[in-house]
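**Student:**
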Amino acid sequence: MKKTRLMIVLAGVMAAPMAFAQSAPPGTGTITFNGMLLADTCEISPGDVDKTVTLPTLSAQSLAEAGQTAGSTMFTITVAKCPTSLSNVAAHFETTNMDPATRNAVNQATTNPASNVVVQLLDKDGTTPILLGSSGSFEPITGTGDTRGATMSYGGQYYATGQAGQGNVTAIVRYTLSYN
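Heads up: the sequence shown is residues -21 to -1, 1 to 159, going by mature numbering (1 follows the signal peptide of the UniProt record, and there is no 0).
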């Protein structure tokens, strides 16, 4: 009798991990998103809420094949009136208007659009790409009162997805302030 109970208990103990291991069918998985929302925020300086960055006028020949870049241009985003509860700030660039192949901003020019070109964002060093859906480098928030804030530096440049053709380039990138 004791031997039978022991075998039943052992069979149950050995079957339990197998039942959990087989709970998901092969070829499937899960993704868990975790995050946090804060009550506090910095204020974006008025001239930086809707910013326009003018890339230089270049020859399409400078973007002759996929992966070539040209015309890098730096810009800043300034924030102020940051609460003391916040320490660091960065721009998080949203995936709106994203080219899924490169994660860069699509050319949305409606009049005579250039072909095979998107706009790539750059981090503050002017060379490290920032893919849409990512944040740039965080900057420390300093100062007091209304001047408590930071200036974030980023850049943009043309990025060829093939041999670029002449025309206009307009890319619109949305950003949200991110904190750590």
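The beta carbon of each residue, even a glycine, is placed where N, CA and C say it ideally should be.
No experiment lies behind these values; they were computed from the predicted model shown.
Secondary structure at Gly26, three-state DSSP: helix, strand or coil?
**Tutor:** The residue labelled residue 26 in the question sits at position 47 within the sequence shown. DSSP places Gly26 within a helical segment (H, G or I) once states are collapsed to three.
**Student:** In angstroms with no decimal places, state the Cα-to-Cα distance between Met127 and Ala43.
**Tutor:** For the purposes of this step, residue 127 is taken as the residue at position 148 of the sequence shown. For the purposes of this step, residue 43 is taken as the residue at position 64 of the sequence shown. In the sequence on display, residue 127 carries Arg and not Met. Our two residues, Arg127 and Ala43, have alpha carbons roughly 45 angstroms apart in a direct line.
**Student:** Would you check if there are 3 or more beta carbon pairs closer than 8 angstroms linking the segment 129 to 146 to the segment 92 to 106?
**Tutor:** yes
**Student:** Note down the Cα distance separating Thr74 from Ser66, rounded to an integer number of angstroms.
**Tutor:** Taking the sequence shown and counting its residues from 1, the one referred to as residue 74 is at position 95. Taking the sequence shown and counting its residues from 1, the one referred to as residue 66 is at position 87. Straight-line measurement puts the Cα of Ser66 at about 25 angstroms from the Cα of Thr74.
**Student:** Do you know how far the Cα of Ser64 is from the Cα of Asn147?
**Tutor:** Numbered from 1 along the sequence shown, position 168 holds the residue referred to as residue 147. Numbered from 1 along the sequence shown, position 85 holds the residue referred to as residue 64. Rounded to the nearest angstrom, the gap between the Cα atoms of Asn147 and Ser64 is 43 angstroms.
**Student:** In whole angstroms, give me the CA-to-CA distance for His71 and Ala88.
**Tutor:** As a first step, residue 71 must be located in the sequence shown, where it is residue number 92. As a first step, residue 88 must be located in the sequence shown, where it is residue number 109. Cα to Cα, His71 sits roughly 24 angstroms from Ala88.
**Student:** Can you tell me whether Gln40 is helix, strand or coil according to DSSP?
**Tutor:** Working through the sequence shown from its first residue, we reach residue 40 at position 61. Residue state, collapsed to three classes: helix.
**Student:** So, is Met131 buried or exposed, given that buried needs 16 or more other C-beta atoms within 10 angstroms?
**Tutor:** Here residue 131 corresponds to residue number 152 of the sequence shown, with the count starting at 1. Residue environment for Met131: buried (at least 16 other C-beta atoms within 10 angstroms of its C-beta).
**Student:** Please return the same chain residues whose Cβ sits closer than 7 angstroms to the Cβ of Ala49, not counting the five positions on each side in sequence.
**Tutor:** The sequence position of residue 49 within the sequence shown is 70, counting from 1. Same-chain partners within the cutoff: Leu37, Ser41, Leu42, Gln136 and Tyr137.
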